[in-house]
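What follows is one structure encoded as structure tokens, with my remarks underneath.
Right, here's the structure in full:
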């Protein structure tokens with residue numbers, strides 16, 4: 014009888030739900046340019062298009078670091094297919110603010126969901142949320158740009174090449190992929206929609222500073238976001254964190270790659 018009831022429940026036609034009021038959507042449309050790959054392996058913005066970022070909804074989100082405002086967006090180019098759903102994780106009154114702490118964080122399924130120790134992404138995300146909650150107002154803008162923008166499947170292929178001795182930069186190049194294909198027009202649009210006048214960027218990556226500055230974001234300072242290396246993302250011997258510093262010019266403090274620093278992280 015129980016199975017018959019379950020079967021009927023699964024096959025029953027659902028009743029039409031009452032139409033919910035449409036959420037208020039605030040869109041920011043800015044004349045910008047669409048991303049394309051440059052010869053240096055980085056993504057550059059070259060072709061004039063309309064970039065549109067639409068605010069969909071906001072809710073309160075309790076976390077282990079405290080309460081945050083979670084704000085969802087849809088991001089598209091030239092009114093076409095949506096190619097991203099950026100999220101703003103906010104603490105404090107960021108609207109209209111100056112020198113707002115900002116972390117621009119790109120998705121990392123392998124570390125944030127699976128707990129991978131190959132990189133420091135999950136730890137950087139948690140550090141950013143903890144810091145911003147303690148030093149509000151602040152924002153973490155979370156972008157779905159896995160593997161510096163190459164996507165999850167390609168990232169797994171790059172990991173396989175890293176097992177064979179290539180570093181994170183050469184693995185991408187061996188696959189015919191750019192060193193970094195991320196773009197930040199959605200960040201610029203979200204900050205404009207929130208009325209944020211200037212930011213202190215939480216990053217070790219000088220490219221993020223230059224890219225956001227070129228997009229018109231006023232960056233007034235930098236907050237380091239440094240995680241101690243572990244045995245799987247080790248800083249010495251051609252490891253991931255060393256490659257980020259030696260090959261991609263990430264700003265890591267002096268002595269980080271010393272034997273003493275590594276022994277302290279064991």
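In the working numbering, the protein residues as written are 14 to 279.
Ideal Cβ placement from N, Cα and C applies to all residues, glycine included.
- Between residue 145 and residue 153, the gap from beta carbon to beta carbon is short of 8 Å.
- The DSSP-derived three-state label of residue 65 is strand.
- DSSP lists 154 as the beta-bridge partner residues of residue 117.
- Distance from the CA atom of residue 82 to the CA atom of residue 74, rounded to whole angstroms, is 6 Å.
- Residue 97 carries a strand assignment under DSSP once its states are collapsed to helix, strand and coil.
- Segment contact: the stretch 217-225 against the stretch 187-198, three or more CB-CB distances shorter than 8 Å; contact assigned.
- Straight across, the Cα-Cα distance linking residue 202 with residue 65 is about 8 Å.
- By a beta-carbon distance limit of 8 Å, residue 219 does not contact residue 155. Their separation comes to about 21 Å.
- Taking all protein chains shown into account, residue 138 has 16 or more neighbouring C-beta atoms within 10 Å of its C-beta and is therefore buried.
- Under the three-state reduction of DSSP, residue 89 is assigned to strand.
- Under the three-state reduction of DSSP output, residue 207 falls in the helix class.
- The residue from 229, 210, 217 with its alpha-carbon nearest to that of residue 116 is 217.
- In terms of Cβ geometry, residue 113 and residue 160 do not form a close pair [threshold 8 Å].
- The DSSP-derived three-state label of residue 106 is coil.
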